Amino acid sequence: MRFILRVFVILIAAALLVAGWDFSRFVARADRAVTPDPPIQAEAVASLTGASDARIISAIQLADSLDLPLLISGVNVDATPADIARVAKVDVDKIECCVTLGKAAASTEGNGDEVADWARRTKVDRIIVVTSEYHMERALFELKRAMPEGHFIPHAVMTTKVRPADWYRETSTAKTLIEEWIKYRLAGLRTAALTPEKT
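Following our numbering, the numbering of the sequence shown begins with 49 at its first residue and continues without gaps.
Take a look at the structure:
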């Protein structure tokens, strides 16, 4: 009985070590995403909505500066171009002429499907992705799942109270990163479970 208990404790400890290592790597990638590389040869911009309006504001500014079409995915079904213009502090004409409001997505998985559908309809495949730094990895995962032929260029917006690398200093940032890491890993497991084995 003691042997079984000892093995159980060792397995739990090993699992915690692996989880801690994986989480630290996830945080490091999120922290690096805070300073995105300049976008190269992009054809469009896609913003994934979330808790912070900073994603939308940054995407509108970026698309305008590069003169690229923009999809804002996951917009509230009742939102209007005027609402988005108010958030971004731009003229409503800019939203009506150059921004597509995607209202079909209610999750990151849905964002992936919505962006892929829009990209194929508009015939673009090099897309700058604007979302929060902690959300970028899962966003790219879902986009590549939905559109394997796409080329996605990350442009992360810092929306946590402190940089991801300093997550242990601030409770809400720690909670956000842990929850996002779990969601990211669950998304991977879901995709693996639904992908048929090659024969």
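Built from N, CA and C at the ideal position, the CB exists for glycine as well.
Just so it is clear, the structure is predicted and the values come from calculations on it, not from any experiment.
Local conformation of residue i per DSSP, three classes
i: Val-55; result: helix
i: Leu-191; result: helix
i: Ala-61; result: helix
i: Gly-122; result: coil
i: Arg-211; result: coil
i: Thr-224; result: helix
i: Thr-179; result: strand
i: Ser-95; result: strand
i: Leu-116; result: coil
Proximity winner among the options, relative to residue i (alpha-carbon distances)
i: Thr-258; options: Arg-168, Ile-143 and Ser-121; result: Look at the range of the chain in this structure, 49 to 247, and you will see that residue 258 is not part of it.
i: Arg-253; options: Val-75, Pro-196 and Ala-107; result: With the chain covering only 49 through 247, there is no way to say anything about residue 253.
i: Lys-171; options: Ala-92, Ala-67 and Ala-240; result: Ala-92
i: Ser-106; options: Pro-196, Ala-204 and Ala-99; result: Ala-204
i: Arg-233; options: Arg-186, Arg-73 and Val-138; result: Arg-186
i: Ile-108; options: Ile-88, Pro-129, Lys-223 and Gln-89; result: Pro-129
i: Thr-224; options: Arg-238, Val-66, His-183 and Ile-88; result: His-183
i: Asp-112; options: Ala-136, Phe-71 and Gly-158; result: Ala-136
i: Arg-77; options: Met-206, Ala-167 and Ala-90; result: Met-206
i: Ala-67; options: Ile-226, Arg-54, Ala-90 and Gly-158; result: Ile-226
Rounded C-alpha distance that separates residue i from residue j
i: Arg-193; j: Arg-50; result: 46 Å
i: Leu-191; j: Phe-56; result: 38 Å
i: Trp-69; j: Trp-215; result: 15 Å
i: Ala-153; j: Ile-175; result: 18 Å
i: Gly-98; j: Val-123; result: 9 Å
i: Lys-142; j: Arg-238; result: 39 Å
i: Ala-62; j: Arg-73; result: 17 Å
i: Asp-101; j: Val-138; result: 14 Å
Residue j beta carbon less than 7 Å from that of residue i
i: Lys-12; j: Thr-221; result: Residue 12 falls outside the range modelled here, since the chain spans only 49 to 247, and no answer is possible.
i: Leu-96; j: Thr-179; result: yes
i: Glu-218; j: Ala-81; result: no
i: Ala-235; j: Phe-200; result: no
i: Ala-133; j: Val-125; result: no
i: Gly-198; j: Asp-173; result: yes
i: Pro-202; j: Val-163; result: no
i: Ala-213; j: Asp-79; result: yes
CB contact below 7 Å: residue i versus chain B
i: Arg-54; result: Included in the structure is just one protein chain, with no chain B present.
Exercise for review: Decide yes or no for the touch test of the segment 105-120 against the segment 137-157: beta carbon pairs closer than 8 Å, at least 3 of them.
Suggested key: yes
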